[in-house]
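The UniProt record's numbering applies: residue 1 is where the sequence shown begins, and numbers increase by one.
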Amino acid sequence: MTNGRERGDAAAGAGGSATPPGAAAGTGTSRAKGTGMTEEKGAGTAQDNGRAGPDAERCGSGDVTPGRRGAQPGAGPGDACADSGDAPGGEELHAPARELLPVASGAQTRAAVGVLLRRHRLAAVGALAVLVVGTAIGLLTAPLLGRIVDLVVERRGAGSLVLPMVLLLVVAVTRGIATAVGTSLVARLGETVLAGLRERFVERALHLPLERVEKAGSGDLTSRVTGDVALMAKAVRQALPEFGTAALTIVLTLVGLAVLDWRFLLAVLVVVPIHVLTVRWYLPRSTPVYAAHRVAAGALQHQLLDSVGGVRTVRAFRLNSVHTRELEQRSQESVDIAVRGIRLVSGFFSRLNIAEYVGLAAVLATGFVLVEDGAVSIGTATAAALYFHSLFNPVNAALFLIDEAQSAGASLARLVGVTELADEREARHGRAAARPGDGSVRVSALGHAYAPGHPVLHDVDLEIRSGERVALVGASGAGKTTLAKLIAGVHRPTSGTVALGGVDARDLGPEGVRRAVTLISQEVHVFAGPLAEDLRLARPGATDEELRAALDRVGALEWANALPDGTATTVGEGGHRLTVTQAQQMALARLVLADPPIAILDEATADAGSAGARVLETAATRALEGRTGILVAHRLPQAATADRVVVLDDGRVVETGTHEELVAAGGRYATLWSAWSDSRRPAGNGASGGGSAKDGTYESRSSEDGVRRSGSSEDGAQGSGTSGALPADGAGNRPPGDGPRGGALPGSASSEAPSVGDSGGRRPGGDQVPRSAVEA
């Protein structure tokens, strides 16, 4: 998944949800399969230690809800938000329309189910045979009751009734056992097929290109994996066995009527036109209704995720009433469609009731005529009437299950639609597997656009030697994170190439790129389970000694041993909650275990307090030993210690060199460094930006996004004074992940680990440098 902050701050540009499912628990995190996992978390989520995530309590973050026109931030809580500005140039934000995931056609759905059923052909045949036997035995009930009627009419005596009564008991018991076993076998078969479909769906969903998932929005995908799977499960557990039994009962009962007398069968066939017309009236009307209801349910869930997951932003911008109206509208759309479905069902069953009474009257009249003519006995006519009456339930059940089948069919088509999509592993078009020769990185003429026609990177050329540690620096929106993600294979470049170890990333394939590159972002997800198993995500076969060595290398062994059960302690949701620093150390330990030749740290040490940041910087340095390191620098001192600094501006590389070389050159980097240096001076001695280095607070006006920011970095947490830029849209505003992002920057009160984004400084000429210009 995309870095949560990026998707949250630029949800409109991505066309996706600002918050993934399960935001409150810190879910919405994806990890790449294999050793090169991606540590990313959803927007606005809570860290696993209960601390507010990076999007919490924003008063000017510009997190405009996707799909809403002209949603401008209002005054948020606190004085710092009183005069939040508008989008640059006063442009109106327009989020691109969501591009929902496809729905399979009828032929595709049948083909997919057929493939799954063929794998369990013997089980299907066995289940069908047991149901046929049970149903056939049950049909003996009506003739036996008819025989009893004849014996009574003929006054044979009570003794003559013993055998039919015993046979009725045997039939009842045998039918009950056979039906139970057959139903169980059918349900088991259905569950097995559903499990295969569900596994195929999840496997394919996890390997879809990220851009495709974001275009659809989180609501579409999660409604399929939750609501649609639940409907399919219900259909398999209840509808499928019932339908199988009902269908067999109908067929064999009609055969039984024909055996009694073929004229009874003709009487029953009188109702067939009524049933046919009823079904023909119902199906064309119900099919689109059920399909529309599933789409409406997905849209409602998408809106709920946006509103509930981004509640802090909604409240900060005073968009409560706007989101309430959106939810009411989505809910009403879903209710209206559901009511249409209920009306259709009512009309459907009223027609079935008419067919039942017309058919029963026809059978009774036929029986009367045949008895009067001496063609059949009263018992036989009674058996025919019982046969037809016994059809009421299975016919109604079968036709009623058509109603459920429509809903389940719509859900099945939505699931199969995802399984039919090509995943990112198939994008190699048959290229032979390749392996990188070393840890070098070469970027050639690289360009990328999140929205067509609005590139965020322009012909970037960059070469990183194996083992070199390079810092990417630049103002917010310069393209640092986008460049890092293109190198890591999270996104596909719009133009240009990325070569890892001298091999084109396209020849490596997604799995090869993940083995070569590990990306760790600021927000780390802690998976629920033992700490050891969480670490083994990076290397499934790692021994306990290797786990301890990795923890020791990043300085985490001491607190890991102090846990109640050591590395066997359950962490994450429902278990022991790790601090932000501990969670990042765990992620760095995963990096050590994965041992990729290239590692990218996207502000991976920026989410802790001053002391925690120093610990993490030490851990990151040790984790990067022996491999190529790319740092998306949030703190200028991080850049200063790198082997080389690459400065980006407006999607282009504008400077590159060592820290000393760039400071001496007096260019863009020198301006950033000067601004930071000014901000570290004591108040009243040239420090500017409306803040005090003493208390770590800041308040400055950004000329880039027009948002006033105020906050404190003393406690290392992003509080209600943080802010960010308005997200991207079709008009070419900021792309996901590269919008200006303010906030209380950890460590700004510490001279040892200062934050790049502390209060604004002044250029050498004395002109004010906006905060957005000094924030790396």
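Ideal placement from N, C-alpha and C gives every residue a C-beta, glycine not left out.
1. Among Ala413, Arg536 and Ala505, whose alpha-carbon lies nearest the alpha-carbon of Ala528?
2. Identify whether His454 lies in helix, strand or coil by the three-state DSSP scheme.
3. Report the partner residues of Arg204 according to the DSSP bridge assignment.
4. What whole-angstrom Cβ distance do Leu257 and Ala384 have, given they're in contact under 8 Å?
5. Does DSSP put Asp602 in a helix, a strand or coil?
6. Given Val162, which residues of its chain have a CB within under 6 Å of its CB, disregarding the five upstream and five downstream residues?
7. Just confirm the distance between the C-beta atoms of Thr370 and Phe388, as a whole number of angstroms; I'd bet it's less than 8 Å.
8. According to DSSP, is Thr518 part of a helix, a strand, or is it coil?
9. For Ser223, collect the residues of the same chain with a Cβ closer than 7 Å to its Cβ; drop the 5 residues on either side in sequence, then sort them by chain order.
10. Which residues does DSSP pair with His576 in a beta bridge?
11. In whole angstroms, what separates the C-alpha of Leu557 from that of His576?
12. Using the rule of at least 16 other Cβ atoms within 10 Å of the residue's Cβ for burial, across every protein chain shown, is Pro284 buried or exposed?
13. DSSP three-state label for Tyr387, please.
14. Count the C-beta pairs between the region 645-665 and the region 455-475 that are closer than 8 Å, then say yes if the count reaches three, no if not.
15. Just to confirm the assignment, what range does the alpha helix (DSSP H) spanning Gly367 have?
16. Could you say which of Glu533, Gly496 and Arg514 lies nearest to Gln572 if we only look at CA atoms?
17. Please name the residue, chosen from Arg315, Ser184, Val125 and Ala205, that lies closest to Pro102 on a Cα-to-Cα basis.
18. Where does the unbroken beta strand (DSSP E) through Asp649 begin, and where does it stop?
19. Where do the ends of the beta strand (DSSP E) carrying Thr497 lie?
20. Three or more C-beta pairs under 8 Å: does that hold for the region 248-264 against the region 367-381?
21. Would you kindly work out how many angstroms separate the C-alpha atoms of Ala267 and Gly176, rounded to a whole number?
22. According to the neighbour-count rule (16 or more other Cβ atoms, all chains shown, within 10 Å of its Cβ), is Val166 buried or exposed?
23. Near Gly447, which residues of its chain fall below 7 Å by C-beta distance, leaving aside the five closest residues on each side in sequence?
24. Could you tell me the distance, in whole angstroms, from the CA atom of Asp678 to the CA atom of Val663?
25. Give me the residue from Val632, His659 and Val181 with the minimum Cα distance to Thr641.
26. Just verifying my parser: in three-state terms, what is the DSSP assignment at Ala633?
27. Report the option in Glu523, Ala499, His525 and Gln522 whose CA atom is closest to the CA atom of Val513.
28. Who are the near neighbours of Gln108 in its chain, counting only those whose CB is closer than 7 Å to its CB and skipping five residues on each side?
29. What would DSSP say about Gly467, mapped onto helix, strand or coil?
30. Do Arg469 and Asp643 have their C-beta atoms closer together than 8 Å?
31. Do the CB positions of Ile464 and Ile630 come within less than 8 Å of each other?
32. Which of the three DSSP states, helix, strand or coil, is assigned to Pro564?
33. What is the rounded straight-line gap between the Cα of Gln406 and the Cα of Gly467?
34. If you check the beta carbons only, do Leu551 and Ala589 fall under 8 Å apart?
35. Quick check on Leu421: does DSSP put it in helix, strand or coil?
In this structure, then:
1. Each of Ala413, Arg536 and Ala505 was checked against the Cα of Ala528, and the nearest Cα belongs to Arg536.
2. His454 falls in the strand class under three-state DSSP.
3. Arg204 is not bridged to any residue.
4. With a Cβ gap of about 6 Å, Leu257 and Ala384 count as contacting.
5. Here Asp602 sits in strand by DSSP.
6. Cβ neighbours of Val162 beyond the five flanking positions: none.
7. The amino acid occupying residue 370 in the given sequence is Leu; Thr does not appear at that position. Contact between Leu370 and Phe388 does not hold, since their C-beta atoms are separated by about 14 Å, which reaches or exceeds 8 Å.
8. Strand, per DSSP.
9. Once the five neighbours on either side are set aside, the close Cβ partners of Ser223 are Ala297, Gly298 and Gln301.
10. DSSP output for His576 lists Val571 as bridge partner(s).
11. About 16 Å.
12. Counting the other CB atoms within 10 Å of its CB gives Pro284 a total below 16, which places it among the exposed residues.
13. Three-state result, Tyr387: helix.
14. In short, these stretches touch, since the Cβ pair count reaches three.
15. Residues Asn320 to Glu372.
16. At residue 572 the sequence reads Gly, which differs from the Gln that was named. Per the Cα distances, Glu533.
17. Just measuring C-alpha positions, the residue of Arg315, Ser184, Val125 and Ala205 sitting nearest Pro102 is Ala205.
18. Boundaries of the beta strand (DSSP E) harbouring Asp649: Arg644 to Asp649, taken from the DSSP string.
19. For Thr497, the uninterrupted beta strand (DSSP E) segment begins and ends at Ser495 to Leu500.
20. Judged by Cβ distances under 8 Å, the region 248-264 makes contact with the region 367-381, as three or more pairs qualify.
21. Cα-Cα distance, rounded: 30 Å.
22. With fewer than 16 Cβ atoms within 10 Å of its Cβ, Val166 is classed as exposed.
23. The beta carbon of Gly447 is closer than 7 Å to those of Pro455, Leu457, His458, Asp459, Pro493, Thr494, Ser495 and Gly496 in its chain, skipping five residues each way along the sequence.
24. Cα to Cα, Asp678 sits roughly 14 Å from Val663.
25. For Thr641, the nearest C-alpha among the options comes from His659.
26. Note: Ala633 maps to coil in three-state DSSP.
27. Nearest option by C-alpha distance: Ala499.
28. For Gln108, where only same-chain residues beyond five positions count, the Cβ hits under 7 Å are Val416 and Glu420.
29. Annotated three-state conformation of Gly467 is coil, per DSSP.
30. Result yes, Cβ atoms of Arg469 and Asp643 sit closer than 8 Å.
31. Remark: C-beta atoms of Ile464 and Ile630 approach each other more closely than 8 Å.
32. Note: Pro564 maps to coil in three-state DSSP.
33. Their Cα atoms are separated by approximately 59 Å.
34. One thing to note: Leu551 has its Cβ within 8 Å of the Cβ of Ala589.
35. Reduced to three states, the DSSP call for Leu421 is coil.
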